[in-house]
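**Q** Sharing a structure here in structure tokens format.
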Amino acid sequence: MQTQTVLAELFPNQLEYHIDNWVIRGSAETKVGKVEIIGTVDSAAINHAIAMTLANEVLKVIAEGKKTPIVFIVDTQGQDSSRADELLCLNRTFAHLAACVDLLRRNEHPNLAIILGEAVSGGFLSYGLMANQIFALQSSQVKVMDLNAMSRVTKIPLEKLQSLSQTSAIFAPGVENFYKMGAVDDIWVQLDEHLVANAIESQQSHLDDFLIDKRRHVAKERDGRLLCNEVVEAVLSA
Amino acid sequence: MNKSYIQNSFYEKTARNRIASIVDKNSFVEILKPGSMPTSPNLASLDITGSFDDGVIIGKATIKDNFVYIIAQEGQFMGGAVGEMHGAKIVGMLLKAIEEKPKAIVFFVDSGGVRLHEANAGLIAISEIMRAMLKVRNAGIPIITVIGGTNGAFGGMGISACLSTHIIMTEEGRLALSGPEVIETLKGVEEFDSKDRALVWRVTGGKTRYLLGHVQVLVEDDIDDITQEIIAALQLPVANVDLSYLQQQQDGLQQQYDQWFGKKDSLSIWQSMNINNPDSISMLSAEQVKAIKKG
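Those protein sequences? They're chains W and U, same order as listed. Per full-length UniProt numbering, the first sequence starts with residue 1, numbered consecutively. Per full-length UniProt numbering, the second sequence starts with residue 1, numbered consecutively.
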């Protein structure tokens with residue numbers, strides 16, 4: 001689905017934004033007030049310039065001190081794999097972006113990510129996966145790697161991975177699997193103007209709860225990841 | 001320089017031996033030790049033999065009488081990659097630190113990143129590690145990371161490592177996001193020749209990371225030197241990750257980008273830093289490289 005169409009459905013009121021170098025920046029009015037929109041479009045391959053721009057926009061919103069909600073738009077094919085980016089330690093810039101999103105949470109800004117197109121590994125890790133909540137369009141592609149590439153790297157036959165992906169959410173790409181594993185809060189099928197406002201309103205009533213990462217508990221409830229919560233609890237009680 | 005670096009090498013050791021050779025004698029108490037938990041059922045379903053520790057060892061110890069938590073990834077098991085159990089052990093240890101407040105967490109990172117065999121669980125586990133690391137820092141507990149193993153710190157573990165308060169790195173350790181092989185596969189050998197070892201180290205290795213300010217300390221691949229640097233790091237204050245701290249980081253990143261982005265080899269950066277004979281840096285010891293930076 002086109003970014004423009006999706007945003008118009010989610011934010012019918014006073015929506016304005018611009019797109020530059022794969023980065024989208026804008027704002028809209030909702031029934032809970034103004035929200036800021038920050039993210040990437042067109043399956044961005046995230047490089048230093050994009051990651052630094054995203055981080056800077058997050059810091060500017062925090063610096064205003066108004067606790068304005070941020071909606072992150074996620075559409076990334078992952079990191080831009082280039083020698084020039086690696087030489088300047090792209091992973092460090094990603095860590096910085098992640099720390100900025102974490103500060104947003106600690107400074108009591110409601111925030112959520114919407115996966116509009118693709119959400120893949122490093123790009124997804126650095127901001128989308130750091131948000132308080134993640135919502136995904138049903139048509140979105142969430143993955144670490146596609147099964148063909150995974151089969152090549154792991155030397156496990158594709159047929160075996162395909163058959164296991166029917167029963168296990170662990171390695172098969174797909175938004176439903178990320179939902180089961182606790183990383184996606186909900187899959188949006190029908191879009192309307194209340195989805196974002198309702199999520200923000202609900203966050204505002206219990207913002208402190210998001211200081212605790214509950215994804216492992218959710219994963220257990222949804223039978224997606226069965227081990228992680230048990231292992232963490234075992235360490236905590238050791 | 002009569003030390004035998006081979007004998008005392010961090011790089012050559014297993015994770016367990018790294019712990020044993022750095023912490024005070026007999027002080028290490030392992031948590032979830034071998035036999036106390038089952039091996040990964042996720043790997044079993046792929047007919048892969050699991051490991052009794054899932055490739056990461058966690059526990060408590062003292063280093064010169066300082067009480068610390070230890071997390072050590074075992075690079076020899078699936079490249080130290082992060083799967084569901086592996087990630088949960090790290091997250092558990094990080095969260096436990098917030099309750100028990102050790103003097104620091106000492107993290108021996110040795111990992112290619114997400115374990116593809118448990119891809120989704122691995123990716124989410126990395127995200128949980130990242131959030132837990134930031135939480136530990138905000139609780140005022142330092143995370144001292146050592147990168148000097150056979151797998152370096154790549155992918156999601158490359159990102160996580162950079163959330164540490166302090167990174168100690170050897171020249172042999174590598175720190176980056178996409179591995180050279182991945183870039184070569186995606187963009188061709190002209191972009192990155194992964195067989196060119198010298199180039200790989202000039203892009204991702206400890207000397208580059210240290211000279212460009214990506215890590216705090218460069219050290220020889222030597223257990224005693226690494227131990228000394230950990231002890232020194234234990235004395236340092238922990239900066240709060242607040243708005244002014246992150247704004248400063250942002251300015252630093254922007255400055256680095258404006259100065260150097262587009263260069264494809266550290267040699268040309270070292271030249272623009274007015275370092276004499278940049279070609280000779282690969283032959284210098286950690287001490288000599290540190291002397292260059294101090295000027």
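Ideal Cβ placement from N, Cα and C applies to all residues, glycine included.
I need the straight-line Cα distance from residue 29 of chain U to residue 62 of chain U, nearest angstrom please.
**A** Near 10 Å, if we compare the C-alpha coordinates of residue 62 of chain U and residue 29 of chain U.
**Q** Do you know offhand how far residue 216 of chain U's Cα is from residue 114 of chain U's?
**A** So the two alpha carbons sit approximately 25 Å from each other.
**Q** Check whether chain W comes within 8 Å of residue 35 of chain U, counting only Cβ atoms and requiring the distance to be less than that.
**A** So, not an interface residue.
**Q** Rounded to the nearest angstrom, what separates residue 101 of chain W and residue 58 of chain W at their Cα positions?
**A** Each residue's Cα considered, the two are about 7 Å apart.
**Q** Can you give me the Cβ contacts of residue 265 of chain W inside the same chain, cut-off strictly under 8 Å, excluding the 5 residues immediately before and after it?
**A** Because chain W is modelled from 1 through 238, residue 265 of chain W falls outside the range shown and cannot be assessed.
**Q** Strictly by DSSP, which residues pair up with residue 188 of chain W?
**A** Its beta-bridge partners are W:137.
**Q** Residues of the stretch 84-102 of chain W with a CB closer than 7 Å to any CB of chain A: list them in chain order, please.
**A** The structure shown contains no chain A; its protein chains are W and U.
**Q** For the beta strand (DSSP E) that residue 108 of chain U lies in, which residues bound it at each end?
**A** Unbroken beta strand (DSSP E) run through residue 108 of chain U: 104-109.
**Q** So what does residue 205 of chain U bridge to, in DSSP terms?
**A** Paired residue(s): U:174.
**Q** From W:25, W:204, W:28, W:120, pick the residue whose C-alpha is nearest to that of residue 43 of chain W; which is it?
**A** Nearest C-alpha to residue 43 of chain W: W:120.
**Q** Should the stretch 16-25 of chain U be called in touch with the stretch 200-218 of chain W, which here means at least 3 C-beta pairs below 8 Å?
**A** These segments do not touch.
**Q** With a CB to CB cut of under 6 Å and the five nearest residues on each side skipped, what residues in its chain are close to residue 218 of chain W?
**A** Taken in chain order, the residues that qualify are 182.
**Q** Check whether the stretch 160-172 of chain W touches the stretch 136-149 of chain U, taking contact to mean three or more Cβ pairs, one atom from each stretch, closer than 8 Å.
**A** No, they do not touch.
**Q** Answer yes or no: do residue 118 of chain U and residue 84 of chain U have a C-beta to C-beta separation smaller than 8 Å?
**A** In this structure, residue 84 of chain U lies closer than 8 Å to residue 118 of chain U by Cβ.
**Q** Could you pull out every residue in the same chain whose Cβ sits closer than 7 Å to the Cβ of residue 5 of chain U, ignoring the five residues on either side in sequence?
**A** Per-residue confidence for residue 5 of chain U stands at a pLDDT of 48, beneath the threshold of 50, marking its modelled position as unreliable; the derived number appears in the next sentence. Only 220, 221, 222 meet the Cβ criterion.
**Q** Report the neighbours of residue 177 of chain W on chain U: residues whose CB is nearer than 8 Å to its CB, in chain order.
**A** Those are 120, listed as they occur along chain U.
**Q** Residue 39 of chain W lies in the beta strand (DSSP E); which residues open and close that run?
**A** First-last of the beta strand (DSSP E) with residue 39 of chain W: 33-40.
**Q** State the start and end residues of the unbroken beta strand (DSSP E) segment that holds residue 111 of chain W.
**A** Looking at the DSSP string, the run of the beta strand (DSSP E) that includes residue 111 of chain W is 111-120.
**Q** Counting only Cβ-Cβ distances shorter than 8 Å, please list the residues of the stretch 103-129 of chain W near chain U, keeping chain order.
**A** For the stretch 103-129 of chain W, which is checked against every Cβ of chain U, the residues closer than 8 Å are 103, 106, 107, 121, 122, 124, 125, 126, 129.
**Q** So, with DSSP's three-state summary, where would you put residue 18 of chain W?
**A** Residue 18 of chain W: strand per DSSP, three-state reduction.
**Q** Can at least three beta-carbon pairs, one atom from the stretch 37-57 of chain W and one from the stretch 112-132 of chain W, be found at a separation below 8 Å?
**A** In short, these stretches touch, since the Cβ pair count reaches three.
**Q** From the beta carbon of residue 210 of chain U, is the nearest beta carbon of chain W less than 8 Å away?
**A** No, no contact with chain W.
**Q** Please list, in chain order, the residues of the stretch 127-158 of chain W that have any C-beta partner in chain U closer than 8 Å.
**A** Cβ contacts with chain U: 129, 130, 143, 144, 145, 150, 153, 154, 156.
**Q** Run down chain W in chain order and give the residues with a C-beta less than 7 Å from the C-beta of residue 247 of chain U.
**A** Within 7 Å Cβ-Cβ: 59.
**Q** Determine the DSSP secondary structure at residue 215 of chain U, reduced to helix, strand or coil.
**A** In this structure, residue 215 of chain U counts as coil in the three-state DSSP scheme.
**Q** Using a beta-carbon distance below 8 Å, is residue 52 of chain U in contact with chain W?
**A** Not one chain W Cβ lies under 8 Å of residue 52 of chain U.
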